[in-house]
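Quick notes on the structure that follows.
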Amino acid sequence: MYSLNKYIFEEVCDNNMELYNDIMETIRCDYNEIIDKMAHELCIPEIRQLVHKLVGVILILEGKNYEIMYYLKLLLNIDKTATNLKHYQTYIKMITDYDKSFLGL
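Everything in the sequence shown is counted per our numbering, starting at 298 for the first residue and increasing by one.
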């Protein structure tokens, strides 16, 4: 999904604020799209795939976002063979309700 070297990203964006804004807007859109899909998804394998995508989006953001990463880790620690969506719904609600301002979005 994203493969940016942090130092190159910072160097380029320090010199080009328009590029930085475009990249951040892409990340915001991806984040919002993944969160929306996750909130409405009923297929457990698809939920797990969305969680992995969300981890990638969050890791690209500045700073460490330990709280939301903790929720994502808990969600991924649910047994892959679990078929009851209720196991996932609690964590999905916490993740979708997470305040985007803490992520810099």
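The beta carbon of each residue, even a glycine, is placed where N, CA and C say it ideally should be.
Can you give the Cα-Cα distance for residue 371 and residue 389, rounded to whole angstroms?
In the sequence shown, counting from the first residue as 1, residue 371 sits at position 74. In the sequence shown, counting from the first residue as 1, residue 389 sits at position 92. Cα-Cα distance, rounded: 10 angstroms.
Expressed to the nearest angstrom, what Euclidean distance is found between the alpha-carbon atoms of residue 334 and residue 351?
The residue you call residue 334 lines up with position 37 of the sequence shown. The residue you call residue 351 lines up with position 54 of the sequence shown. In a straight line, the C-alpha of residue 334 is about 11 angstroms away from that of residue 351.
Leaving aside the five residues before and after residue 298 along the sequence, list all residues of the same chain whose C-beta is less than 8 angstroms from its C-beta, in chain order.
For this step, residue 298 is matched to residue 1 along the sequence shown. Low per-residue confidence applies at residue 298: pLDDT is 45, beneath 50, and the placement is therefore not dependable, though the value from the model is reported in the following sentence. The beta carbon of residue 298 sits closer than 8 angstroms to the beta carbons of 327, 350, 353 and 354 from its chain, once the five residues preceding and following it are set aside; these are given in chain order.
Rounded to whole angstroms, what is the Cα-Cα separation between residue 366 and residue 305?
Here residue 366 is taken as the residue at index 69 of the sequence shown, counted from 1. Here residue 305 is taken as the residue at index 8 of the sequence shown, counted from 1. Their Cα atoms are separated by approximately 24 angstroms.
Alpha carbon to alpha carbon, what distance is there between residue 392 and residue 384?
Along the sequence shown, read from residue 1 onward, the residue named residue 384 stands at position 87. Along the sequence shown, read from residue 1 onward, the residue named residue 392 stands at position 95. Between residue 384 and residue 392, the C-alpha separation is close to 14 angstroms.
Go ahead and label residue 368 buried or exposed: buried means 16 or more other beta carbons lie within 10 angstroms of its beta carbon, across all protein chains shown.
As a working mapping, residue 368 is identified with position 71 in the sequence shown. It is buried - the Cβ of residue 368 has at least 16 other Cβ atoms within 10 Å.
Start and end of the alpha helix (DSSP H) containing residue 333?
As a working note, residue 333 is residue 36 in the sequence shown. Taken as a continuous stretch (DSSP letters only), the alpha helix (DSSP H) holding residue 333 covers 314-337.
Taking its Cβ as the centre, do 16 or more other Cβ atoms sit within 10 Å of residue 347, making it buried, or is it exposed?
Along the sequence shown, read from residue 1 onward, the residue named residue 347 stands at position 50. The residue in question, residue 347, is buried, as its Cβ has 16 or more Cβ neighbours within 10 Å.
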